[in-house]
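Per full-length UniProt numbering, numbering through the sequence shown is continuous, rising by one, with the last residue being 76. The next block holds one structure in the form of structure tokens; read it before the comments.
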Amino acid sequence: MTLVAWMVTIRFLNLEKYKQSSFGSYVAKYVNKEMRVSRFLVVLMMIGAWFFATIWALIPIGALLILYAWSRGKLS
């Protein structure tokens with residue numbers, strides 16, 4: 001359901017005023033492709049942890065990805 005809502009939002013709504021806002025310029029400046037990929041991987045880790053809770057090896061990997069994403073703004 002969330003995917004459908006996202007697709008409708010992207011396809012039919014005019015988001016140009018948000019792109020031109022201060023938040024839009026912040027996102028364009030600081031949220032690069034690398035950060036989007038790391039956040040997507042964290043979401044995959046959360047889904048994996050939800051459905052496959054017995055795979056404990058994924059927890060440290062997810063924690064490292066989260067720490068990397070958080071520290072990315074401090075390191076650059």
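We put the beta carbon where it would ideally sit given N, CA and C, even for glycine. Model, not experiment: these values are computed from the prediction.
Is it true that the CB of Leu67 sits closer than 7 Å to the CB of Leu41? Position 41 of the sequence shown, counted from the first residue, corresponds to residue 41. Position 67 of the sequence shown, counted from the first residue, corresponds to residue 67. No.
My output table needs one value for Trp56: the three-state DSSP class, helix, strand or coil. Counting from one through the sequence shown, the residue named residue 56 turns up at place 56. The answer is coil: DSSP assigns Trp56 none of H, G, I, E or B.
Determine whether the beta carbon atoms of Met35 and Gly62 lie at a separation below 7 Å. Residue numbering aside, residue 35 sits at position 35 when the sequence shown is read from its first letter. Residue numbering aside, residue 62 sits at position 62 when the sequence shown is read from its first letter. Against a cut-off of 7 Å, the Cβ pair of Gly62 and Met35 comes out as no contact.
Distance, Cα to Cα, Leu15 vs Pro60? As a first step, residue 15 must be located in the sequence shown, where it is residue number 15. As a first step, residue 60 must be located in the sequence shown, where it is residue number 60. Looking at the backbone, the Cα of Leu15 and that of Pro60 are separated by about 37 Å.
Taking Cβ positions, are Gly24 and Tyr30 nearer each other than 7 Å? Against the sequence shown, residue 24 aligns to sequence position 24. Against the sequence shown, residue 30 aligns to sequence position 30. Not closer than 7 Å, so no.
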